[in-house]
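Heads up: the sequence shown is residues -23 to -1, 1 to 196, going by mature numbering (1 follows the signal peptide of the UniProt record, and there is no 0).
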Amino acid sequence: MAKTREMKGLAVLLALGLAACTAFVGPQAPSGPQRGELSTMRAAGEYTGFVPDMQRRQLMNFVLVTTAGIPVLVALGCYLWYFVPPVAGGGGGAQLAGDVDGNPVTLEAWVKGHKDNDRELVQGLKGEPFYLISTPDNIKDFALLSVCTHLGCVVPWNKAANKFCCPCHGSQYDENGKVVRGPAPLSLALAHTTTIEGKLALSPWTEQDFRTGLDPWWK
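Encoded structure:
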């Protein structure tokens, strides 16, 4: 009997201690979404999961737009680059013209191997292909960069048509390299020709284009 009373007393003490502990426990955090979160609720009010707050969604949107936008900008830049005319090379002074092997071309050898009004390519400014134009005993005082101003194809001389005719997209230039038919937007670039100790040389053309009366686009 005494043992029963002791057990009952112990149970009462445990119950009182538990109640006291509960009384001193601080308020519990709400079970719903915390600050910085937005919950989605079903019709019955049930929490269905985490949804980012406005700042986090803006950051995610920025990352997605940036990731998608970079390839588009690169593709657009490549597309626009096709419409930028190629720029003629050249430094501040004259550069010796080279043959197919890069050897200097002498005026004497050129005159012997060409007829009046012949046109042939040499390695010119920065190694780019330029046409020299023959006269009966010399060459004209200008050379023509053979690169089409449309998309950069090398333009051959068509002696029968007396024109430079681009095989890529049909652009045409007259005997002096002035554009006469598109889609090329500009005339062929010019360079000066001269001789240095009997060797043919080219130098940059920086003054007005004598064919159009305009400043050179290739400067």
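The beta carbon of each residue, even a glycine, is placed where N, CA and C say it ideally should be.
P48 burial status per 10 Å Cβ neighbour count (16 or more: buried): exposed
Any 3 or more C-beta pairs closer than 8 Å across the stretch 182 to 192 and the stretch 73 to 88: no
A166 (DSSP reduced to helix, strand or coil): coil
Pair within 7 Å by beta-carbon distance, T172 and L179: no
Close Cβ partners of C142 (< 6 Å) along its chain, the five nearest in sequence each way excluded: N135, Q149
Straight-line Cα distance separating D151 from T126: 14 Å
Contact set for K117: own chain, Cβ-Cβ below 6 Å, skip 5 residues either direction: I110
Beta-bridge pairing of N94 - partner residues as DSSP gives them: Answer is none; N94 lacks a bridge partner.
Per-residue DSSP class, three states only, for W194: coil
Per-residue DSSP class, three states only, for G147: coil
Three-state secondary structure (DSSP) of G79: coil
For I110, the first and last residue of its enclosing beta strand (DSSP E): 106 to 110
With 16 other Cβ atoms within 10 Å as the buried cut-off, status of E184: exposed
Alpha-carbon to alpha-carbon, V156 and H146: 13 Å
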